[in-house]
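Participant: Heads up: the sequence shown runs through residues 189 to 385, numbered per the working numbering. Every residue, glycine too, gets a C-beta built ideally from N, C-alpha and C. As the structure is a computational prediction, the values presented were derived from the model and not from experiment.
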Amino acid sequence: MKTVFKSFILIATCLFYFESFSQDVITKRDGTDIQTKILEVTPNEIKYKKFDNQSGPTFTILISDVLMVQYENGTRDVFDQKKSNASGSDNLYELVEKGRQDAMMNYKGQNSGRGGVAATAILFGPVIGLIPAAIISSSEPDEGNLNTPNFELMKDPNYRKGYTDQAAKTKKKKVWKSYGIASGIWLGLIVATYAAY
189 MKTVFKSFIL IATCLFYFES FSQDVITKRD GTDIQTKILE VTPNEIKYKK
239 FDNQSGPTFT ILISDVLMVQ YENGTRDVFD QKKSNASGSD NLYELVEKGR
289 QDAMMNYKGQ NSGRGGVAAT AILFGPVIGL IPAAIISSSE PDEGNLNTPN
339 FELMKDPNYR KGYTDQAAKT KKKKVWKSYG IASGIWLGLI VATYAAY
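(1) Counting Cβ pairs, one atom from each stretch, are 3 or more of them under 8 angstroms apart for the stretch 342-355 and the stretch 277-292?
(2) Between residue 325 and residue 364, how many whole angstroms is the CB-CB distance? I'm expecting something under 8 angstroms.
(3) Apply the 10 Å Cβ neighbour rule to residue 236 and answer buried if 16 or more other Cβ atoms are within range, or exposed otherwise.
(4) Under 7 angstroms Cβ to Cβ from residue 387, same chain only, skipping five residues before and after it: list those, please.
(5) Taking only three categories from DSSP, how would you classify residue 224?
(6) Going by DSSP, what residues sit across from residue 235 in a beta bridge?
(7) Out of 221, 313, 292, 360, which has the shortest C-alpha to C-alpha gap to residue 371?
(8) Cα separation between residue 361 and residue 328?
(9) For residue 234 and residue 291, what's the separation of their Cα atoms in angstroms?
(10) How big is the Cα-Cα spacing for residue 266 and residue 218?
(11) With distances taken between CB atoms, is the gap from residue 367 to residue 309 smaller than 7 angstroms?
(12) Tell me the DSSP bridge mates of residue 258?
Put into structure tokens, the structure is as follows:
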């Protein structure tokens, strides 16, 4: 029974460990993300330190180069600047949001690896199952599994960013949900086995 309790404590600790690494994310207009700790936002620029080197130099980026800032608490600032495209009416943020909405409707997490994670957690226990869960949830979904509704829009880097980011979030949720359910099943099997003896 001590083993079961220790496994439960280890799983809970690992889940809180992953949540503790929050950072601010600056999304540039070209679609790249910068993991940061934001120090100051002015009308013209953002001052930040790189998340992996917070004792290092302070960097500055112009607001005109930034699409969006997502803060560690989940709030975000969107810096709206019109971009001419085929229809002439969409702006960058709308394309990112459209990508996210399309991903929520079309990406179902097929072939995300959640079955393998569940099998590993049930057969070898939650501690070993944590390894593939962490690896698989941190990888982007394969291009063939995205189930993109509009290949023309997918060529736009802002739409693509919104779509792939949301697909990655969906994949991550499904993998960790699968891991949690499988760990619960494993724990139930262990308890049932001990209760039978």
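Facilitator: In this structure, then:
(1) yes
(2) By 1-based counting over the sequence shown, the position of residue 325 is 137. By 1-based counting over the sequence shown, the position of residue 364 is 176. With 8 angstroms as the limit, residue 325 and residue 364 qualify as a contact, their Cβ atoms being about 6 angstroms apart.
(3) As a first step, residue 236 is located in the sequence shown; it is residue number 48 there, counting from the start. Per the 10 Å Cβ criterion, buried.
(4) Nothing about residue 387 can be reported from this structure: the residues present for the chain run from 189 to 385 only.
(5) Position 36 of the sequence shown, counting from 1, holds the residue named residue 224. Strand at residue 224.
(6) Locating residue 235 in the sequence shown gives position 47, counting from the first residue. Beta-bridge pairing links residue 235 to 228, 248.
(7) Along the sequence shown, one-based indexing puts residue 371 at 183. Closest option to residue 371, Cα to Cα, is 313.
(8) What you label residue 361 is simply residue 173 of the sequence shown in a count that begins at 1. What you label residue 328 is simply residue 140 of the sequence shown in a count that begins at 1. Computed Cα separation, rounded: 13 angstroms.
(9) Position 46 of the sequence shown, counting from 1, holds the residue named residue 234. Position 103 of the sequence shown, counting from 1, holds the residue named residue 291. Rounded to the nearest angstrom, the two C-alpha atoms are 30 angstroms apart.
(10) Looking up residue 266 in the sequence shown gives position 78. Looking up residue 218 in the sequence shown gives position 30. Looking at the two C-alpha atoms, the distance is approximately 14 angstroms.
(11) As a working note, residue 367 is residue 179 in the sequence shown. As a working note, residue 309 is residue 121 in the sequence shown. Yes, Cβ-Cβ distance for residue 367 and residue 309 is below 7 angstroms.
(12) Counting from 1 along the sequence shown, the entry for residue 258 is found at position 70. In the DSSP output, where bridge partners are listed per residue, residue 258 has 213, 264.
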